[in-house]
Amino acid sequence: MKNSALFPLNLRPHSGDALLLIDVQNDFLPGGSLAVPSGDEIIPILNRYIEAFSKASLPVYASRDWHPPDHRSFRAQGGIWPPHCIAGSRGAEFSPKLDLPANAVIISKATNLNADAYSDFDEPDLEQSLHQNGISRLFIGGLATDYCVLYTVRDALSHGFEVHLLLDGIRAINVKPGDGQRAIEEMTSLGAHPIHFEDIAA
Ligand code: VGL
Ligand code: ZN
16 MKNSALFPLN LRPHSGDALL LIDVQNDFLP GGSLAVPSGD EIIPILNRYI
66 EAFSKASLPV YASRDWHPPD HRSFRAQGGI WPPHCIAGSR GAEFSPKLDL
116 PANAVIISKA TNLNADAYSD FDEPDLEQSL HQNGISRLFI GGLATDYCVL
166 YTVRDALSHG FEVHLLLDGI RAINVKPGDG QRAIEEMTSL GAHPIHFEDI
216 AA
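So for the sequence shown, the working numbering puts the first residue at 16; every next one is plus one.
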């Protein structure tokens, strides 16, 4: 609100915009194997963004962490995480409460055993599809602020996209206290615009 009042950024979604929802999957939600604290709180808000983009006939992208059972990021393989988002498992499914449209573009990432990939842009299909659809502005939310959201926003900015970060639609893991806040500060200092739903609905 504050931002759009001071600087007349045109935040009403229009052609060239896309919504990118990162890893809203059961394993990252309460009850899941790598639950992000309060991760479920963002779902009703993300559903409002989805509705706004769908009404404007704008594309909705949804990424999912989609690991092999012995992915290198898992503790048994020397990584730092409990097993999570194993391709095809129930934990890897999108939350049933997320109202993904039938034509959402699904990006599966970190599918390779030996590479960790926190950024959606590690999956080349994403950038190709964004270019095909003429997208220049990305509205990015999802999980988790301090991992996949941070890495994806860094890459989106370095690939030349204008980024609007959905502050009301992200939550952090906070392995170290403050990780989420530091991630938000880094993303905004790199040029991402922090917004809330009221900013696009005004
Ligand atoms: C993520 C930790 C491990 C994420 C993925 O989606 O932010 N975090 N794998
Ligand atoms: Zn993962």
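Using N, Cα and C, we set each Cβ at its ideal position, and we do this for glycine too.
- Between Ser-151 and Phe-176, the C-beta spacing is below 8 Å.
- C-alpha of Tyr-64 to C-alpha of Ala-117: approximately 15 Å in a straight line.
- The continuous beta strand (DSSP E) containing Val-120 extends over residues 120-124.
- Of all C-beta pairs linking the stretch 37-50 to the stretch 88-106, three or more are shorter than 8 Å, placing the two stretches in contact.
- Here DSSP, grouped into helix, strand and coil, assigns Gly-106 to helix.
- For Ala-216, the enclosing alpha helix (DSSP H) covers residues 212-216.
- The criterion of a C-beta distance shorter than 8 Å is satisfied by Leu-34 and Tyr-76.
- In the three-state DSSP reduction, Glu-177 falls in the strand class (E or B).
- At a threshold of 7 Å, Asp-38 counts as near the ligand VGL, since its beta carbon sits closer than that to one of the ligand's heavy atoms.
- Distance from Asp-80 to Cys-100 at the Cβ level is roughly 4 Å; contact confirmed, criterion being Cβ atoms closer than 8 Å.
- His-82 sits in a strand when the DSSP states are folded into three classes.
- Counting the other Cβ atoms within 10 Å of the Cβ of Gly-156 gives 16 or more, which makes it buried.
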